[in-house]
Every structure is written in C-alpha cells, then in structure tokens.
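Accompanying notes for the structure given below.
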Amino acid sequence: MEQLCINFTNEKLQQLFVLEQEEYKKEGIVWEFIDFGMDLAACIELIEKPMAIFSILEEECMFPKASDTSFKNKLYDQHLGKNKAFEKPKPAKGKAEAHFSLVHYAGTVDYNIIGWLEKNKDPLNESVVQLYQKSSVKLLAHPYTPFVEYKVLNASVIPDGQFMDNKKASEKLLGSIDVDHDQYRFGHTKCRKVQHELEEAEERADIAESQVNKMRAKSHDSGKGKEAAE
C-alpha cells in the first residue's frame, strides 16, 4: 500500500506539470511544450475518485467480515475490463505474488494487497492508548479521552463495551420494547458520546428545566393575582 501511495503522489505531481503547461498555453507564455504521452487523469481517478481503489478500501475497512479477498473481488468487479489503467497481473517467475496492476505514466506496476485492510485501519496498541490518556500534555491526551456509551432504553440490552452487528443489535433493542424488528432497521454502529459532552448536555437540560419551572410558577402566581384583583 505504501508503494501505491508513493506512485499516486508521483502521478499527481506529474499531472500538475501537465496542467501547468496548459496554463502557459492559455496565457500565451513562450514555452517548449513537453509531451508526456499519457492521459494521467485516468490513473489518478482510478485511485482517488468515488468507487476507486482508496474509496473501496475505506468501505471494506468498515465491515468486520471484510478480507483481502473481498477487497480484491470488489476491485475486479468495479474496474477490471472497465478502466484501461486497471489490469490483471501477468504472473512471472521469480516475482512476488500480485493481485492487480496499474498502468502508471512511468510504466505498469503490480500490487500485492495482503494486509492492506489492517494497515489502513492502523490500530493503536491498547497500552499506547492508555499512555496517551495519562499524558500531562492536554493536546496529546484529549484525542484519547475515554468514551462512554450513550445508553438508550434498557441499559442491559447491549452490555457495556460490546458491539453487535446491525441485525442482532436491532433485534435486541426492539425486543426490549416489544417492537417488531422486521418493521425497523437500525444503523451499523452504536451511538457514542464523550463523557464531558454528556455532562454538559445534562447540565444544560437541568438549567432549561429550572427556567421552565420558574416560568410556570410565575405564570401561576400571576393568575392568582388577577383572580384576587377581580
């Protein structure tokens, strides 16, 4: 994956040179035009556009059961035979296994996708996270503030720290309130809130409730005063 990122950067830089030459031409600047001989946009779009390599990789990282094989299959379904810059690698003796090839401006490059999903998720070791959380440097500690689950309905429906797939979670939640789970669909993840945000929200709610009660009391007293005056 690192090699793809490097080659993608080179493609973007090369495309910048091409676009800059177009600007020179528009502005009438005397310039010896360099013909790079390739449509660089095709390969760039294959990597960065919606439903391109990077977006499919991001999408696969969202699914717990996704694998290198499912990632490869999605790439083939989306691009093989449809984009001239995407090719099936030609196996050669003595070379590492490759899963797809990209036609870059500098030549065709083979890519092995083993481990890409794990690399893209870039999980931090739990002990490293705990170390950041205890840091005296607020800027470093803040991004790793412990999360608490925003509990809705019965707290025991989904145990603390436990994640479930969409179907199982919706069945448990709807079962707790006697709702037919076939009639509703829930999101893929549980709603989570940072502890201090919940505390602030609760404090604002208390203040608002207090103000409402005061207004009600004032209105009630005002009504009594009018009755006495009459």
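Counting in the UniProt record's numbering, the sequence shown runs from 1 upward without gaps. Using N, Cα and C, we set each Cβ at its ideal position, and we do this for glycine too. On a predicted model such as this, the values are computed, not experimentally measured, just so you know.
Just tell me which of Pro-143, Glu-23, Tyr-105, Asn-120 has its CA closest to the CA of Val-128.
-> Pro-143
Asp-122 (DSSP reduced to helix, strand or coil) | coil
For Tyr-111, which beta-bridge partners are listed by DSSP?
-> Phe-100
For the alpha helix (DSSP H) that contains Glu-11, what are its first and last residues?
-> 2 to 26
From the DSSP output, in three-state form, read off Phe-71 for me.
-> helix
Report yes or no: do three or more beta-carbon pairs, one from the segment 62 to 72 and one from the segment 80 to 88, lie closer than 8 Å?
-> no
Outcome for Cys-5 when other beta-carbon atoms lying within 10 angstroms are tallied against a minimum of 16 | exposed
Is the number of C-beta pairs between the segment 118 to 134 and the segment 24 to 34 that are closer than 8 Å three or more?
-> Fewer than three beta-carbon pairs drawn from the segment 118 to 134 and the segment 24 to 34 are found closer than 8 Å, and the two stretches are therefore not classed as touching.
Where Gly-20 and Lys-12 are concerned, what is the direct C-alpha to C-alpha distance, given to the nearest angstrom?
-> The displayed chain sequence assigns Glu, not Gly, to residue 20. Approximately 12 Å between the Cα atoms of the pair.
Grouping DSSP H, G and I as helix and E and B as strand, with all else coil, what is Phe-63?
-> coil
First and last residue of the uninterrupted alpha helix (DSSP H) at Ala-52 | Element bounds for Ala-52: n/a, residue is neither H nor E.
Member of Ala-208, Pro-89, Lys-121 whose CA lies at the smallest distance from the CA of residue 246 = Residue 246 is absent from the model: the chain starts at 1 and stops at 230.
Cβ-Cβ distance between Ile-114 and Asp-77 below 8 Å | Their beta carbons are not under 8 Å apart, which means Ile-114 does not touch Asp-77 by this criterion.
Determine the extent of the alpha helix (DSSP H) in which Ala-141 is found, giving its start and end residues.
-> 138 to 141
Can you check DSSP and say which residues form a bridge with Glu-87?
-> Ser-101
Is it true that the CB of Asn-112 sits closer than 8 Å to the CB of Glu-97?
-> Yes.
Report yes if the CB atom of Phe-8 is closer than 8 Å to the CB atom of Ile-47, and no otherwise.
-> yes
Under three-state DSSP, which class holds Leu-131?
-> Correct three-state label for Leu-131: helix.
Proximity test, Pro-89 beta-carbon vs the ligand COA heavy atom, cut-off 7 Å = Judged by which ligands are present, the structure shown has none, so any question about the ligand COA falls away.
Thinking C-alpha only, which one of His-99, Gln-15, Gly-94, Arg-216 is nearest Ala-106?
-> Per the Cα distances, Gln-15.
What number of angstroms, rounded off, separates the C-alpha of Leu-40 from the C-alpha of Asn-10?
-> 10 Å
Is Lys-214 helix, strand or coil by DSSP?
-> Here DSSP, grouped into helix, strand and coil, assigns Lys-214 to helix.
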